[in-house]
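J.:
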Amino acid sequence: MARGSVAIAGAGLTGRLLAWRLLRAGVPVHLFDARARSDRDHAAGVAAAMLAPYAELVVGDAALFALGEESLATWPRWLDELRTQTGRSVDFRHEGSLVVAHAPDYPGLDHYADLIRYRLPPDKRGEVRSLDAQGVAALEPEFAGRFARGLWLPQEGQLDNDELLGALEAAIVPDMARVGGEWHERCTVAAVDAHTVRTADGAVFEADRVIDCRGVGAGWPGVRGVRGEVLTVSCPAVALRRPVRLIHPRYMLYIVPRSGGRYIIGATELESADTGPATVRSLLELASALYSVHPAFGEAHVTRIATSLRPATDDHQPVWAQRDGVWHLNGLYRHGFLVAPAMVARAETALGAAEVSP
Ligand SMILES: Cc1cc2nc3c(=O)[nH]c(=O)nc-3n(C[C@H](O)[C@H](O)[C@H](O)COP(=O)(O)OP(=O)(O)OC[C@H]3O[C@@H](n4cnc5c(N)ncnc54)[C@H](O)[C@@H]3O)c2cc1C
Numbered sequence: 008m009a010r011g012s013v014a015i016a017g018a019g020l021t022g023r024l025l026a027w028r029l030l031r032a033g034v035p036v037h038l039f040d041a042r043a044r045s046d047r048d049h050a051a052g053v054a055a056a057m058l059a060p061y062a063e064l065v066v067g068d069a070a071l072f073a074l075g076e077e078s079l080a081t082w083p084r085w086l087d088e089l090r091t092q093t094g095r096s097v098d099f100r101h102e103g104s105l106v107v108a109h110a111p112d113y114p115g116l117d118h119y120a121d122l123i124r125y126r127l128p129p130d131k132r133g134e135v136r137s138l139d140a141q142g143v144a145a146l147e148p149e150f151a152g153r154f155a156r157g158l159w160l161p162q163e164g165q166l167d168n169d170e171l172l173g174a175l176e177a178a179i180v181p182d183m184a185r186v187g188g189e190w191h192e193r194c195t196v197a198a199v200d201a202h203t204v205r206t207a208d209g210a211v212f213e214a215d216r217v218i219d220c221r222g223v224g225a226g227w228p229g230v231r232g233v234r235g236e237v238l239t240v241s242c243p244a245v246a247l248r249r250p251v252r253l254i255h256p257r258y259m260l261y262i263v264p265r266s267g268g269r270y271i272i273g274a275t276e277l278e279s280a281d282t283g284p285a286t287v288r289s290l291l292e293l294a295s296a297l298y299s300v301h302p303a304f305g306e307a308h309v310t311r312i313a314t315s316l317r318p319a320t321d322d323h324q325p326v327w328a329q330r331d332g333v334w335h336l337n338g339l340y341r342h343g344f345l346v347a348p349a350m351v352a353r354a355e356t357a358l359g360a361a362e363v364s365p
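Residue numbering for the sequence shown follows the numbering used here, starting at 8 and increasing by one per position.
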């Protein structure tokens, strides 16, 4: 590899974003992934990609909230750069999200609102807004007469992860031809050290810096897999504009609209490293909760059932750290899209992109 080069193991969310940023700074990048570039069965490709700093306070704290706010401000700039570079747009919406509950679950809705307000910095508590039936219907007319109470989190957003991953690929490949480096797809990494990537087929690549972005596959101590199952449905009969969460005593459902009448329905959250297909129980729970939100979803076509593992730390904080000379970016759990720009910016700074440029 060229002097000044960086090797990144893992081309999911963090690996792709970091590769793109480093290449833009003129750093040659070798990117390794066990999957093909177009494969979307990693966490990055299965996620709903909600950008939800408020809702994530249920599992997070003020530090995570701050990373989320920073990233929400960064995404529009980075997506503009990507569009200029590749001509590809990524659907990004910053129009808030809605939380609803059926009448028996109002105590759960109240607790949810209290918990978020409690964990928010005091000056942000007004951004958790309680709604009556009219307020719910004004935001999402499909829910007129269906939900008498709700919660509006106006500062939340979402992006289309499939479009993002495609745009990053379209930016990275030509940059590698120009700056240096290669995308080693379908290439399983067996081991990494400070200057070496060893692949499962016995090849050895050297680089000035090695960064491990393999998520659960990295084997980082303290990072475990949390299984999530999601459905994608096509249902043009229902027109929702923003992500909707349904409070439920057994499972939290979300419905995230995508262009063309598609919706991502998720997600189970199971303490399991099982990567097998979705279970009957999970499908029944997700589908019946969906149907309870709007009966027209009963006729939706299921176009995808997907499963992946979220890389989670015990304290739900993302990790950017060096161990035995290898840099690790990991632990982005269920808020990877929410915090990735802030974490990748920290990585760029720590790596001193200008310093490692040839
Ligand atoms: C069901 C679900 C819903 C989610 N919803 C949201 C959401 O709404 N909002 C949000 O912000 N986040 C969400 N997330 C979380 C987000 O997807 C993750 O935090 C993020 O994708 C983690 O990024 P990563 O790069 O660390 O891991 P990944 O995106 O999983 O990428 C890891 C990459 O490493 C590769 N790899 C692993 N092992 C090896 C190996 N040995 N050799 C070579 N390559 C290897 C994999 O193939 C993969 O491409 C969700 C996740 C799931 C599963």
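The C-beta atom is built at its ideal place from N, Cα and C for all residues, glycine as well.
Looking at the secondary structure, which residues open and close the alpha helix (DSSP H) in which Phe72 lies?
T.: Element bounds for Phe72: Ala69 to Thr93.
J.: Should Gly226 be labelled buried (16 or more other beta-carbon atoms within 10 Å of its own) or exposed?
T.: Gly226 is exposed by the Cβ-count criterion.
J.: Which residues mark the beginning and the end of the beta strand (DSSP E) in which Ser137 is found?
T.: Per DSSP, Ser137 belongs to the beta strand (DSSP E) from Arg136 to Asp139.
J.: State the DSSP-derived secondary structure class of Gly229, mapped to helix, strand or coil.
T.: Gly229 falls in the coil class under three-state DSSP.
J.: Helix or strand or just coil, what does DSSP make of Leu260?
T.: Reduced to three states, the DSSP call for Leu260 is strand.
J.: Going straight from the alpha carbon of Leu79 to that of Arg317, what length do you get?
T.: The straight-line gap from Cα to Cα measures roughly 20 Å.
J.: Are the beta-carbon atoms belonging to Leu166 and Arg23 less than 8 Å from one another?
T.: Taking 8 Å as the Cβ cut-off, Leu166 and Arg23 do not qualify as a contacting pair.
J.: Locate the beta strand (DSSP E) running through Pro318, then write down its first and last residues.
T.: Taken as a continuous stretch (DSSP letters only), the beta strand (DSSP E) holding Pro318 covers His308 to Ala319.
J.: I'd like to confirm the pairing. Which residues does DSSP put opposite Ser279 in its beta bridges?
T.: In the DSSP output, where bridge partners are listed per residue, Ser279 has none listed.
J.: Kindly list the residues whose CB is nearer than 6 Å to the CB of Cys194, restricted to its own chain and excluding five residues on each side of it in sequence; keep chain order.
T.: So the qualifying residues of the chain are Phe39 and Thr206.
J.: Check whether the stretch 248-262 and the stretch 206-215 touch, using three or more Cβ-Cβ pairs below 8 Å as the test.
T.: No, the stretch 248-262 is not in contact with the stretch 206-215.
J.: With a threshold of 7 Å, establish whether the CB of Thr21 neighbours any heavy atom of ligand 1.
T.: At least one heavy atom of ligand 1 is nearer than 7 Å to the Cβ of Thr21, so yes.
J.: Under the rule that 16 or more other beta-carbon atoms within 10 Å means buried, what is Glu278, buried or exposed?
T.: Under this definition Glu278 is an exposed residue.
J.: With a Cβ-Cβ cutoff of 8 Å, do Gly222 and Leu58 count as a contact?
T.: In this structure, Leu58 does not lie closer than 8 Å to Gly222 by Cβ.
J.: Which residues in the same chain as Leu138 place their Cβ atom closer than 6 Å to its Cβ, once the five residues preceding and following it in sequence are excluded?
T.: Result list for Leu138: Gly157 and Trp159, in chain order.
J.: How many angstroms separate the CA atom of Met8 from the CA atom of Arg90?
T.: Low confidence applies here, because Met8 scores a pLDDT of 40, under 50, leaving its location unreliable; read the following figure in that light. So the alpha carbons of these two residues sit roughly 29 Å apart.
J.: Could you give the residue range of the beta strand (DSSP E) that holds Thr195?
T.: Element bounds for Thr195: n/a, residue is neither H nor E.
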